[in-house]
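Undergrad: The following block contains the structure, expressed as C-alpha cells.
Below is the structure:
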C-alpha cells in the first residue's frame, strides 16, 4: 500500500491501485471546485472576507474602535493604549548570568552549535541517501 504521486498533477499522492488523485478526477469530470466558506473568528455568524479572518461587520467595528482609541490618545497609539509598560532598556530583558562558562565548555558548546558542522553533516546525509 505504497503512495505515489499523481501522474497528472504530480502534486497529490495516490494509492497504488488508483489512476489519479481525487482533485484530478473531479477536474476531469468537469465538476467545479468547492470552496469552503470560513466563518468570522470574532462572531462566528457571518462568512469571513477573502484574505481576512473576520467578517465585514466585525472589521468595521474594529476599525471604529481603533479610531476612537486614537482620538482619546490624541492620535498617539503606543504602550499606554495597550496597557503595557514600556521596556526602558535591554538590561530588563536579558537576564544576568552569575556564573561564566569555562573556556573548555564554551568551545564544546560552540562546536555543537556550529553551522559549518551541521552543513557538513547534512552533506554527508545527502550523499548517503544518494547511494
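Numbering (the numbering used here), first residue to last: -8 to 122. Every residue, glycine too, gets a C-beta built ideally from N, C-alpha and C.
#1: In chain order, what are the residue ranges of uninterrupted beta strand (DSSP E) at least 3 long that sit wholly in the stretch -6 to 30?
#2: When you compare each of -2, 29, 28 to residue 14 by their alpha carbons, which one comes out closest?
#3: Please report the distance separating the alpha-carbon of residue 5 from that of residue 121.
#4: In the DSSP output, which residue or residues are listed as bridge partners for residue 38?
#5: Give the straight-line distance between the Cα atoms of residue 70 and residue 55, rounded to the nearest whole angstrom.
#6: Sorted by chain position, which residues of the same chain lie with C-beta nearer than 6 Å to residue 33's C-beta, five sequence neighbours on each side aside?
#7: Do you know offhand how far residue 38's Cα is from residue 17's?
#8: How many angstroms separate the CA atom of residue 108 from the CA atom of residue 92?
#9: What residue from 30, -7, 2 has the CA that sits closest to residue 47's CA?
#10: The alpha helix (DSSP H) with residue 92 in it runs from where to where?
TA: Looking at the coordinates:
#1: -6 to -4, 4 to 6
#2: -2
#3: 24 Å
#4: 30
#5: In this prediction, residue 70 has a pLDDT of 48, which is less than 50 and means its spatial position is unreliable; what the coordinates show is noted afterwards. Cα to Cα, the separation comes out at about 20 Å.
#6: 45, 49
#7: When only Cα atoms are considered, residue 38 and residue 17 end up about 25 Å apart.
#8: Each residue's Cα considered, the two are about 22 Å apart.
#9: 30
#10: Premise fails: residue 92 is in no alpha helix (DSSP H) and is neither H nor E.
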